[in-house]
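Taken in sequence, the protein lines are chains G and D.
The first sequence lines up with residues 1 to 990 when you count with UniProt numbering.
The second sequence lines up with residues 1 to 369 when you count with UniProt numbering.
Built from N, CA and C at the ideal position, the CB exists for glycine as well.
In this text, all values refer to a predicted model and were calculated from it rather than measured experimentally.
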Amino acid sequence: MEYFSLKRSTATDKGGTNLSSKVYVRSTKSGKVQKIVRELYLRKDIPCSSNLCRACLDIAPVDFSQKTTPFVLSDTPAGSKDYPNGLYLVPDTNAFLTGMDLFEVETAFHDVIVLQTVLEEVKNRSLPLYHRLIALTKHENKRFYVFFNEFRQETHVPRESGETINDRNDRAVRRAVQWYNEHINQAVKARSKTQTRIPTVVMITDDRDCLRKARADNIPSSTLADFVFGLENADELLDMMSAAQDQREVRSKKTELFYSEHYTISKMMTGVKAGVLHQGIFNVSPYNYLEGSVHVPAFDKSLLILGRENGNRAVSGDVVVVEILPQDQWKAPSTKIIEEETLNKNDNPEVEDGENIVSEKERKALQEEVKRAHGQSTEGRPQPTARVVGIVKRNWRQYVGHIDRDSVRTTSKSSRQQQMVFLIPMDKRVPKIRIRTRQAGELLGQRVLATIDSWDRDSRYPMGHFVRSLGELESKGAETEALLLEWDVQYKPFPKTVLDCLPAEGHDWKVPASMDDPGWKGRKDLRDLVVCSIDPPGCVDIDDALHARQLPNGNFEVGVHIADVSHFVKPNNAMDKEASQRGTTVYLVDKRIDMLPMLLGTDLCSLKPYVERYAFSVIWEVTPDADIVNSHFTKSVIRSREAFSYEQAQIRIDDATQQDDLTAGMRTLLMLSKKLKQKRYDAGALNLASPEVKVQTESETSDPVDVQTKRLLDTNSLVEEFMLLANISVAAKNHSAFPQTALLRRHGAPPKTNFEELSNQLKVKKGLELRTDSSKALADSLDTCVQDGEPFFNTLVRIMATRCMMSAEYFCAGTQAYPEFRHYGLASEIYTHFTSPIRRYADLEAHRQLAAAIDYEPLDASLHSKAKLEGVCKNINVRHRNAQMAGRASIEYYVGQALKGKDITEDGFVMKVFSNGFVVFVPRFGIESLIRLRDLATPEPEAEFDGENYVLSVKGGVGREVELFQKVRVRITDQIEESTGKRKVKLTLV
Amino acid sequence: MAPNQPQQVTLSPAELSFLRSTLVQSPPIRFDHTKGPKDFRSMRAEYDVLPGANGSARIALEDGTEALVGVKAEVEKSQRRPSPDARGNTLSVAAGDAEMRDTDAENHGKGKGQNSWIETSVEIPGFRDDDPLPVFLASMLTESLLASGELKDRLYINSRFHWKLYIDILLLSPPLSYPLALLSMTTHLALLTSRLPALKSEKDEDPLFDDDWDAAVFLYPKNEGKSLFGAAEDKPPVIVLAMAVGPNIIFDPCMEELAVADAVLAVACANATSSSTRARIVSIRTIDPPSHLTPPGVPNSMNSATGGTVPASSADALTQRELLATSGVWTPPRGGMKRALISQVVKIVVEEGGVAEEVISALQAIELG
């Protein structure tokens, strides 16, 4: 009987096999479980990418232009003591996981071969580390090469029966190293008979078993620590290794556990699906590090998480799963300020004996809280509390902080002894991080960047490692970098790939003279319009310009002209990707971190005066009553006649002697803008306030000289009104053209509960009523919140009201129902950002959509995809917020510097009252600071807190009452905190 | 019966009569004279032929019939049933009850399986999927798999999830002989080598599986260290065809032999895990043999051409044929089977070293070899 097998035989063509397969189980999101068989076609043309090798150069695959990718690894790699002929490194997965910061060091770790096996394992274990590794492989000077060992016939290792995946992967790494050594040997021999300098390929692994096997097979290998030890500045480098692993070994004998175990992923997911457990992001209160909250979709109000024990090793920002505690453990939110540094000052990072998860002091603090909760009625009603049972996703990042002086045993700079120290993060919501370092002496008084590696059940604080030092505390460079890092602002210079996308003409680029040039296609020639721009003084990235003129029919033509950035930044090129990553330009006091390269932002796109520029124009016909007759969108070429600052423009408008077209146009604009503004307020737009101050710096050194609150001129609101109008018009146009994918901006109506506290405070303290049923009602009732003789009171209430609101967000039209589009603050049905494409990515996307909506150019595919746009929105929402935060932090720092050594007495207002302190806001400097009871007198005076009336009666020698909204005189000094060496603004009551 | 019976036998009444007379001899001489009554036709078998399936097997018989079976398993959410003991649970102390459940992990899934968790489809070239033959074959195969109740219990993951097993049976050749036994054996081999991803989650959590296929567990686990009690491991049932002709019982009849069968039995058997015998019967069904449709021979006495008289009525014809039953002229059998014969079949199947044990261990050997 003739018989043939259906199976693809692997036995028959042994040796010549170029086919292998990989079988695994895939679980899909919908709960399906599939067996997946992937066939692997093994090849021989994957190059080793060493510049020593000629053979690989011949076989390397070529691209469409018949070029091979240039080889990565140097022909003369650096050597070390043990391998004087130079070496290529092949780290295994764990080496990358524990030492990623090491590999990123500029001065060491060049010529590294990243095996595909390792890369995939890194990807499975940690996505952030994987992205960092990928970034390294793209870094030109580091010479990291990804070798696809699984696809190369010689280095492919089929899994043996009974072998675990890890063992197989280790074997694959060893096999690749072995092959590389043989290959390099041959390559060098083929090059010249006499050459003796043959680099060694060394495997870096910490796995003992793997090391033993490698030695048995004569494969050069080393542990990461041993290798680093042989390098220069080994001390610093060794500190940068992740502490996650050695920690385990050192403390394996200890069994004392501080935290309860986390649930398994499947148990958590089942619980969340069943509605028994809840998932949300863990946030820690900035006033009380022991109080966290998790907002979960199931409830309106956030769940409280009290104490470290219930926090169960979650760090602010982590995605956690929580379980609600029984009702007898419910509690009112804290009215007390609890700061970690004051409670746990004396913790010893080295010794953990007798350590409890809740230290005695912490416990006492909590007890007092509970007592308070029981005695309260309306305001402090007990709220549901919960405890963290598991962590879905760690959002650990790099944290900036400083070394706690008290935790350092020997401060001698010469001592190379390794010791455990605490790093106190700048972010008060993050717990202290234990760090093992050999350079404690040097790191004292420095801004230090560190990461968290692990937080085990038997450790009270998370374990981390040192990444690098940013410089001296309080030095401008270090502090600026620190806040950029804290707010995750990408501040590195633009890479070459991005700069390659700029027009080749550079600064000489001009609007083409010939109207036949493709650049003119579809563009209107608006060069004859009398256009001008009005911006803050010193502004170089001019996004917008305006014009207005009277039409024969008595109406006005008003135009807003926006820099045509989308002409220069095409979708999906490197520059576009970089811009979408950065999301926004970040403005610091002394520095601007651009979203787009300088050439575009400050020159080619910027609507500078006297030169022709491409623009995207929105032109309306409006009646003298500021009603819009029609609107029109077009790409255009304009020539701005003048670039004014707000002040200059104001002077010009006010100067009756000026009667030229330009001034007349501005006067028209001003007249119309006032009408527009009134209409907006009539519709219920809010006039909100945030404390805005401007730091004046010395032009040379950019040292702060003075702090001023910003002055608002009519011209500010002139520009603002027309920008709002343009944004609204464009939003409507984009939405009608792309009902699913238009990128819009919304501002959700705040839930009523947000205003509960403020409206209660106003009622109790001032007998005022805050109505919050609509934005109109709110706007009206905010107007009534005035106090005779105290003009600032209204502003204060507005500042506090602003904090009760939701933050506005970008979104993709298809993800929300039309009524949800509403912008609460502006009282507009629909809104987007269109007017600042140089500094905001959202505007750039809106430009592209509008260009497609008016049939100027086809829409890029990425703007058709709802999923992609949602990703973009998510990112720019975060970037936007971070940029604001970074800007504020920068101002805060400079205000602090400006006040250095001064002693000023100013007016302040009480914004918040705790049982052991209160928050005072000083409008003059826009600073908000805490005054604790113990700052008032030593010893800390007794005080009685009346939570219902927001009064704190301080007894003893001080003997005064502090109540909410009270105007107080405060003395502002600065002070260096002893434990930290950090300068802080200090307020005291006068 | 419906027209789509397995291919009609094209033997003349005389040939049928001859065939039958050899088979009723003692010992019978089979169509393939080298084989005894209990001998099976030789076959080639292999398993794991379909890389993407959870289990698969292919068997080719010497006459050219060939079957391919693929087993696919999918996780499915169980329908919540208001079970009578659920009410009992709420009454008992919750904690104690939970403990109880932990201890009977041994009996994991016992009696919790449902018939709908196994879906079998049979495809035969030239037949529509709603033709009687494939439908009938599929239901018989499903019936045998469900009858023992063990397979469906193996599919239990937890109270909220179970595996759903799709058994796709494909006959690659035309159905030369009645293909039930072949399909059943192929299915048996496929199930025997089927593996399910290893479960990582516990109890009633949403199931989470190990992504390493090598860690997948066999649907029918192998006792490697030979269990202490000597209890044979559980295996899927297999159907054997037995045919009665006269006093003789013949196993695994070929197409021609079926054409003269008095009766055909499909016996589904599985190895016994506890009883003294090595195998047990899971289900028995009679199958309408094709012999019923064979044309009867016309005896000389009824043939006018040979001087006989054609019977006047059909009733008359029947009476005459009845009388001639032993004369050697071919008359299609009337069907029916003596009790004694059935018990004999059962005995031959389940006895120590009987057909069931032989077949099951032979299929097991394929996997081991």
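Item: Test item: CB-CB of F147 (chain G) and V114 (chain G) under 8 Å; Value: yes
Item: Interface flag, W213 (chain D) vs chain G, CB-CB below 8 Å; Value: yes
Item: Through-space distance from L546 (chain G) to E968 (chain G), alpha-carbon basis; Value: Per the sequence shown, the amino acid found at residue 968 (chain G) is Val instead of Glu. Cα to Cα, V968 (chain G) sits roughly 45 Å from L546 (chain G).
Item: Beta-carbon gap between A831 (chain G) and L744 (chain G) smaller than 8 Å; Value: Note on identity: in this sequence residue 831 (chain G) is Tyr, with Ala being the wrong assignment. Yes, these two residues count as a Cβ contact at 8 Å.
Item: Exposed unless 16 or more other CB atoms sit within 10 angstroms - verdict on L363 (chain D); Value: buried
Item: Test: M723 (chain G) CB closer than 8 Å to a CB of chain D; Value: no
Item: Closest by C-alpha distance to L936 (chain G), when choosing among G:R171, G:I324 and G:V958; Value: G:V958
Item: Distance, V400 (chain G) Cα to Q329 (chain G) Cα; Value: 35 Å
Item: Helix, strand or coil at P13 (chain D) [DSSP, three-state]; Value: helix
Item: Euclidean distance between Cα positions of E642 (chain G) and M598 (chain G); Value: 21 Å
Item: Identified DSSP bridge partners for S244 (chain D); Value: The amino acid at residue 244 (chain D) is misidentified as Ser; the sequence shows Ala. Answer is D:I249 and D:A263.
Item: Between the CA atoms of D204 (chain D) and G113 (chain D) - distance to the nearest angstrom; Value: 16 Å
Item: Cβ of L987 (chain G) within 8 Å of any chain D Cβ; Value: no
Item: Cβ-based burial, T69 (chain G) [other Cβ within 10 Å; buried from 16]; Value: exposed
Item: Residues near F227 (chain G) in its chain [Cβ-Cβ closer than 7 Å; skip 5 each side]; Value: I204
Item: Residue environment, D168 (chain D), which counts as buried when at least 16 other CB atoms sit within 10 Å; Value: buried
Item: The ligand FAD heavy atom lying under 7 Å from the CB of D780 (chain G); Value: In the structure shown, the ligand FAD is absent, as is every other ligand, since no ligand is present at all.
Item: Chain-order list of residues whose beta-carbon lies under 6 Å from that of A779 (chain G) (same chain, five-residue window excluded); Value: G684 and L686
Item: Per-residue DSSP class, three states only, for A105 (chain D); Value: Since pLDDT at A105 (chain D) reaches only 41, below the 50 mark, its modelled position is unreliable, and the value read off the structure follows with that caveat. It is helical.
Item: D655 (chain G) burial status per 10 Å Cβ neighbour count (16 or more: buried); Value: exposed
Item: Closer than 8 Å to chain G by CB, V75 (chain D); Value: yes
Item: Closest Cα partner of S121 (chain D) within the set D:M255, D:L165 and D:D316; Value: D:L165
Item: Opposing strand residues paired with K635 (chain G) [DSSP bridges]; Value: G:R523 and G:F616
Item: Own chain, CB closer than 8 Å to A138 (chain D), minus 5 neighbours either side, in chain order; Value: T120, S121, V122 and I169
Item: Three-state secondary structure assigned by DSSP to V920 (chain G); Value: strand
Item: N312 (chain G) burial status per 10 Å Cβ neighbour count (16 or more: buried); Value: buried
Item: 8 Å Cβ cutoff, P51 (chain D) in contact with chain G; Value: yes
Item: Any chain G beta carbon closer than 8 Å to S313 (chain D); Value: no
Item: Sequence-distant residues of its chain with Cβ nearer than 8 Å to H833 (chain G) (five each side left out); Value: N727, R745, Y810, R840, A842, D843 and A846
Item: Nearest residue (CA-CA) to K694 (chain G), options G:R197, G:V72 and G:I891; Value: G:I891
Item: Segment limits, alpha helix (DSSP H) that includes N877 (chain G); Value: K866 to A898
Item: Residues of its chain near E367 (chain D), where Cβ-Cβ distance is below 8 Å and the 5 sequence neighbours each way are ignored; Value: Y47, L189, L192 and T193
Item: Check whether L224 (chain G) and T98 (chain G) have beta carbons under 8 Å apart; Value: yes
Item: Residue burial classification, E150 (chain D) (beta-carbon count within 10 angstroms, cutoff 16); Value: buried
Item: Residue burial classification, L318 (chain D) (beta-carbon count within 10 angstroms, cutoff 16); Value: exposed
Item: Assigned exposure category for S293 (chain G) - 16 Cβ within 10 Å defines buried; Value: buried
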